[in-house]
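Protein chains: 4
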Amino acid sequence: MCRWMAYSGEPILAEDLLFRPAHSLIVQSLHSHLGATTTNGDGFGVGWYGEGSEPAVYKSVEPAWNDRNLREITGQMRTPLLFAHVRASTGTPVQRSNCHPFRHGHWLWMHNGLLHGFQEIKRDLLMAVDPPLFPDIEGSTDSEALFFLALTFGLENDPFSGVARAVGFVEDVGRTYGIDHPVQMTVATSDGESFWIFRYSSEGRTRSLFYSSEISKLRALHPEVRVLRHLGEQTRFVVSEPLLRDLAGAWNEVPESSARLVRAGADEIRPFQPISPT
Amino acid sequence: MCRWMAYSGEPILAEDLLFRPAHSLIVQSLHSHLGATTTNGDGFGVGWYGEGSEPAVYKSVEPAWNDRNLREITGQMRTPLLFAHVRASTGTPVQRSNCHPFRHGHWLWMHNGLLHGFQEIKRDLLMAVDPPLFPDIEGSTDSEALFFLALTFGLENDPFSGVARAVGFVEDVGRTYGIDHPVQMTVATSDGESFWIFRYSSEGRTRSLFYSSEISKLRALHPEVRVLRHLGEQTRFVVSEPLLRDLAGAWNEVPESSARLVRAGADEIRPFQPISPT
Amino acid sequence: MCRWMAYSGEPILAEDLLFRPAHSLIVQSLHSHLGATTTNGDGFGVGWYGEGSEPAVYKSVEPAWNDRNLREITGQMRTPLLFAHVRASTGTPVQRSNCHPFRHGHWLWMHNGLLHGFQEIKRDLLMAVDPPLFPDIEGSTDSEALFFLALTFGLENDPFSGVARAVGFVEDVGRTYGIDHPVQMTVATSDGESFWIFRYSSEGRTRSLFYSSEISKLRALHPEVRVLRHLGEQTRFVVSEPLLRDLAGAWNEVPESSARLVRAGADEIRPFQPISPT
Amino acid sequence: MCRWMAYSGEPILAEDLLFRPAHSLIVQSLHSHLGATTTNGDGFGVGWYGEGSEPAVYKSVEPAWNDRNLREITGQMRTPLLFAHVRASTGTPVQRSNCHPFRHGHWLWMHNGLLHGFQEIKRDLLMAVDPPLFPDIEGSTDSEALFFLALTFGLENDPFSGVARAVGFVEDVGRTYGIDHPVQMTVATSDGESFWIFRYSSEGRTRSLFYSSEISKLRALHPEVRVLRHLGEQTRFVVSEPLLRDLAGAWNEVPESSARLVRAGADEIRPFQPISPT
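As you go down the protein sequences, you meet chains A, B, C and D in turn.
Using my numbering, read the first sequence as starting at 36 and increasing by one per residue.
Using my numbering, read the second sequence as starting at 36 and increasing by one per residue.
Using my numbering, read the third sequence as starting at 36 and increasing by one per residue.
Using my numbering, read the fourth sequence as starting at 36 and increasing by one per residue.
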């Protein structure tokens with residue numbers, strides 16, 4: 036199972052988010068994500084916004100915990116918006132181009148889940164990708180295919196709708212092949228300003244997804260957690276799996292079949308429903 | 036520019052083909068292929084037949100000359116038929132799945148050259164690949180796409196015809212996009228028993244390709260070259276580029292627009308002409 | 036914690052030992068060793084004897100389960116004696132030269148455990164290595180240092196004694212630095228004909244080590260396990276950790292503080308006691 | 036032959052130093068350093084100062100030109116002092132811990148050249164390293180050994196003297212082994228504020244080293260080179276080999292047997308003479 040984390044807020048040193056030791060509620064989650072207890076680490080990736088409008092993406096098939104270069108650069112990486120992902124392959128090769136997050140222009144995308152029967156429906160899905168976008172597909176995963184379908188269906192103008200149409204299309208194709216529950220997903224995508232999260236599966240039983248409580252509330256609940264003092268008021272986290280021994284009151288579950296725009300000020304929450312092409 | 040070498044003959048230790056020091060006419064060629072003077076080494080691969088009917092393929096993006104594991108295994112690899120390739124990327128990512136040789140079933144394929152305007156015609160080419168074969172495409176190169184088109188057009192039954200149809204198809208598509216000279220190629224492909232080589236380009240100016248003179252003739256010409264004594268009568272080599280300072284009489288040029296079946300006994304040589312789908 | 040496996044017996048395809056699916060008692064152990072459930076996979080290595088007198092060693096920092104090249108070559112690797120090891124680093128860098136097995140001449144060495152306080156005593160240990168051997172040390176692990184001490188103390192002539200002296204020396208040095216229990220080890224070493232195993236720790240609480248029951252007995256106990264039919268009478272296995280749900284009667288514990296020569300015919304078993312230099 | 040480049044001056048985006056296309060005098064040199072025409076690329080490394088007092092170091096055995104992650108991070112790396120190095124191994128393994136620059140505390144070190152007969156004298160050299168420093172040696176190169184000798188002899192207090200004593204010691208040891216010309220080196224080392232360069236060889240025929248003319252002078256000479264407009268007055272470059280087709284007046288040779296402190300304001304130049312321990 037993949038794990039991912041999204042952060043937005045005050046510019047923060049990536050090393051503090053990804054590696055700083057115990058008593059950091061964020062880092063506890065990330066630590067487990069990045070490998071100390073990971074099984075089947077099939078690559079990882081970090082995408083972040085900083086200089087310029089396009090995010091940088093550091094991805095590798097080396098286990099994150101052993102990646103000395105990752106450690107080095109995160110100590111120098113100050114960013115207001117970061118995505119981190121650890122991959123568990125569902126069959127496609129373990130190579131950098133199959134690691135998340137994927138990038139297109141100034142957009143980032145990461146996914147936990149799978150498109151069932153992908154090998155069978157892959158050709159149909161790729162053929163529906165907008166021809167000018169098609170050559171930009173670098174890897175061979177279902178996750179990247181879903182991203183390019185969302186782009187085809189207008190992600191950049193309206194993420195809620197673009198993703199809904201993409202999922203609707205995949206379900207449509209899947210069902211023609213007799214696949215009952217084609218889509219299993221938690222997704223995060225960003226344009227560098229805000230980020231959108233989605234939790235949905237055709238089966239109605241989606242993998243977990245949590246967003247953080249407000250920092251001021253967290254500081255009040257847990258004065259002993261030092262990293263909270265460094266995080267600003269606009270701090271927002273979304274994680275696929277916090278640790279079980281997590282701090283009470285820190286995490287709130289993202290509801291089944293919902294989508295959320297995470298941004299400074301108030302988030303926007305919507306029910307998520309695929310939009311079928313037919 | 037990619038470089039490749041194909042060997043068939045008596046079972047021989049791969050290390051003797053790929054690494055043994057000076058005064059080996061074969062090794063001189065291979066040595067330059069594998070990196071001492073390589074520029075733009077964008078990965079390499081070795082495919083060989085041994086146990087079972089399917090060849091094994093060792094591929095890596097590490098420079099071949101530094102690959103300790105390659106050195107180790109070639110000392111243990113005894114084979115009657117081997118392909119070796121060093122890649123110079125024409126744009127697609129440097130990753131294992133984009134290294135040659137490519138494999139499908141018991142067939143191997145390697146290519147030096149390119150399909151011009153590949154990014155533009157890629158979608159059309161991939162859509163022409165036989166749907167059951169489509170999910171087996173692992174990488175993103177023009178070389179692999181050409182292989183899968185050849186398979187689609189019957190490579191496994193008739194390699195001469197399969198490749199001719201594939202090339203004809205690519206030229207056809209290329210020209211609809213205004214690409215004057217779509218195909219540049221030297222190709223080797225094998226089923227484990229024999230191997231076929233092709234030298235062709237739409238422009239009529241193809242990269243070089245050479246086959247070896249008969250071993251008995253070579254031994255007579257060059258008694259000082261020790262490795263020749265280990266090679267049997269059935270030894271056949273094809274190389275993309277022998278060293279300029281090569282032994283006289285050792286290499287013979289494969290003619291422009293020709294194809295050749297290399298096997299025990301007499302080879303079969305044919306002119307190569309693309310077969311257009313129209 | 037590292038895991039390792041040693042095999043000797045009839046020449047067997049390494050792929051059958053390392054990758055073949057369920058219902059193989061050996062493979063179950065190995066499967067867990069090679070990564071499906073591995074945590075902290077900090078590299079792996081396979082050493083095997085075949086052509087020539089020196090073993091080949093394939094080592095990598097990529098997780099073994101994702102290593103396509105390993106899969107490929109083990110399908111072509113037929114050997115009568117093989118070592119396989121998965122590393123859990125105790126601090127030194129994760130790099131190929133720090134993976135086991137280590138090789139010197141025709142000897143292989145692998146180790147599970149550690150030398151406590153290694154950073155403090157490292158200089159003393161390395162200075163005791165025979166000067167002609169010193170330049171052959173490639174990495175920075177305690178395991179390799181212990182190997183080179185064993186070589187210094189005559190491993191190649193008398194493994195039981197060489198290892199006992201090496202351990203005695205390390206304990207001696209360790210205690211001058213106030214380290215109570217300097218040595219924790221299970222070790223396997225081979226000259227290509229037989230292999231020696233050691234189970235010892237200064238503390239008297241050593242990590243586990245098991246050797247296999249005779250194949251004929253195993254076949255009688257477990258007729259349903261197909262791979263047993265392919266294994267010859269001389270089959271010998273030693274593993275650091277069989278699966279808990281292991282087949283009854285298959286594994287026998289190597290006693291604490293003991294050493295064993297595993298070979299065709301009868302093994303030789305001895306108590307293991309370090310020989311102090313003083 | 037290794038190649039290296041040191042930059043100090045206004046904070047600049049590393050991508051502009053290492054990758055920006057033609058008409059950049061700096062980039063031309065760097066482009067050749069980083070691989071387009073590199074032979075024997077045995078790893079590369081970039082060390083730079085930014086957040087905090089310790090530099091970050093990104094090193095890899097992948098050819099620099101193919102390293103997507105390097106490209107990504109240099110677009111986000113803004114620094115006032117950067118070292119870049121491409122390695123040509125003189126025998127020791129190609130692994131990250133053997134790539135330059137080496138780091139100790141807030142010091143960086145890189146080297147082009149070699150210590151002749153290193154395998155023979157290695158033990159003597161390592162034994163002279165200050166015991167508390169000894170465990171920090173991670174790799175197996177002569178370059179790193181020389182660094183640790185310089186640290187032992189007081190590099191951090193007086194780099195001119197520390198390096199002179201280290202070289203004097205190596206020459207002394209080398210000569211006891213009958214090695215005529217033990218040391219061949221161009222070296223750069225930095226504490227994050229300034230950097231020191233050294234050009235010396237026992238033979239008196241050292242590999243090349245060049246420093247840049249003042250930026251204002253360069254701008255006057257070459258108004259067509261755009262990157263010069265982005266570089267501030269304090270820009271200082273030192274390169275091992277500028278391209279032959281370099282801009283006239285841009286590079287000045289560092290004299291044989293000399294050392295130089297490069298810093299804001301006036302540099303300090305001294306003759307370099309080894310200080311023998313005897």
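Here a beta-carbon is modelled for each residue, glycine too, at the ideal position from N, C-alpha and C.
Check: Residue 119(D) and residue 53(D) look like a contact to me (Cβ under 8 Å); what is the Cβ gap, rounded to whole Å?; Outcome: 6 Å
Check: Using the Cβ count rule (16 or more neighbours within 10 Å means buried), how would you classify residue 46(B)?; Outcome: exposed
Check: Just by C-beta distance, which residues in the region 158 to 182 of chain C are closer than 7 Å to chain D?; Outcome: 158, 162, 166, 169, 170, 173, 175
Check: Are the beta-carbon atoms of residue 92(C) and residue 138(C) separated by less than 8 Å?; Outcome: yes
Check: Using only the alpha-carbon positions, how far apart do residue 218(B) and residue 203(B) sit?; Outcome: 9 Å
Check: Applying the 10 Å Cβ sphere with the 16-neighbour rule, what's the burial state of residue 220(B)?; Outcome: buried
Check: Could you name each continuous beta strand (DSSP E) segment of 3 residues or more that falls completely within the region 119 to 183 of chain A, going from the start of the chain to the end?; Outcome: 137 to 139, 142 to 150
Check: Residues bridged to residue 92(D) by DSSP?; Outcome: 82(D)
Check: Would residue 238(A) and residue 216(A) be called neighbours here (beta carbons separated by less than 8 Å)?; Outcome: yes
Check: Note the first and the last residue of the continuous beta strand (DSSP E) segment covering residue 303(A).; Outcome: 303 to 306
Check: Rounded to whole angstroms, what is the Cα-Cα separation between residue 275(C) and residue 224(C)?; Outcome: 14 Å
Check: Excluding the 5 residues preceding and the 5 following residue 188(B) in the sequence, name in chain order all residues of the same chain whose CB lies nearer than 6 Å to its CB.; Outcome: 197, 200, 201
Check: Cα separation between residue 39(A) and residue 80(D)?; Outcome: 29 Å
Check: Thinking C-alpha only, which one of 77(A), 258(A), 234(A) is nearest residue 306(A)?; Outcome: 234(A)
Check: Note down, one range per segment and in chain order, each beta strand (DSSP E) of at least 3 residues found wholly within the region 226 to 263 of chain D.; Outcome: 230 to 236, 245 to 247
Check: Residue 270(C) to residue 133(C), Cα distance in whole Å?; Outcome: 29 Å
Check: Measure from the C-beta of residue 56(A) to each C-beta in chain D and report whether the shortest distance is under 8 Å.; Outcome: Its pLDDT being 48, under 50, residue 56(A) is placed unreliably by the model, and the measurement read from it follows with that caveat. No, residue 56(A) does not count as interfacial toward chain D.
Check: How far does the alpha helix (DSSP H) with residue 105(B) in it extend, from its first residue to its last?; Outcome: 103 to 109
Check: Quick check on DSSP: helix, strand or coil for residue 292(B)?; Outcome: coil
Check: Give the straight-line distance between the Cα atoms of residue 153(B) and residue 90(B), rounded to the nearest whole angstrom.; Outcome: 28 Å
Check: Specify the secondary structure class of residue 285(C) as computed by DSSP and reduced to three states.; Outcome: coil
Check: In whole angstroms, give me the CA-to-CA distance for residue 162(A) and residue 247(B).; Outcome: 45 Å
Check: Using a Cβ-Cβ cutoff of 7 Å, what residues of the region 112 to 137 of chain A are near chain B? List them in chain order.; Outcome: 128, 130, 131, 132
Check: Taking a contact to mean a Cβ-Cβ separation below 8 Å, would you say residue 157(C) touches residue 169(D) in this structure?; Outcome: yes
Check: Tell me the rounded alpha-carbon separation between residue 310(A) and residue 140(A).; Outcome: 25 Å
Check: So, for residue 252(A): in the same chain, excluding its five sequence neighbours on each side, which residues have a beta-carbon less than 8 Å away from its beta-carbon?; Outcome: 284
Check: Report the neighbours of residue 91(D) on chain A: residues whose CB is nearer than 8 Å to its CB, in chain order.; Outcome: 107, 108, 110, 111
Check: Comparing the C-beta of residue 65(C) with each C-beta of chain D, is any distance below 8 Å?; Outcome: The predicted position of residue 65(C) is uncertain, since its pLDDT is 47 and thus under 50; no value can be drawn from it.
Check: Between which two residues does the beta strand (DSSP E) holding residue 97(C) run?; Outcome: Residue 97(C) -> no beta strand (DSSP E), and no H or E assigned at all.
Check: Count the other CB atoms within 10 Å of the CB of residue 136(A); is the residue buried (16 or more) or exposed (fewer)?; Outcome: buried
Check: Less than 8 Å between the CB atoms is what I'm expecting for residue 184(C) and residue 164(C), so what's the real figure, rounded?; Outcome: 6 Å
Check: Report the option in 166(A), 290(A), 124(A), 155(A) whose CA atom is closest to the CA atom of residue 146(A).; Outcome: 124(A)
Check: Suppose the cutoff is 6 Å on Cβ atoms and the five residues either side in sequence are ignored; what does the same chain contact list for residue 109(D) look like?; Outcome: 49, 50, 53
Check: Using a Cβ-Cβ distance cut-off of 8 Å, determine whether residue 219(A) contacts chain B.; Outcome: no
Check: What are the residues that DSSP puts in a beta bridge with residue 219(A)?; Outcome: 149(A), 236(A)
Check: If you measure between the beta carbons of residue 294(D) and residue 232(D), is that distance less than 8 Å?; Outcome: yes
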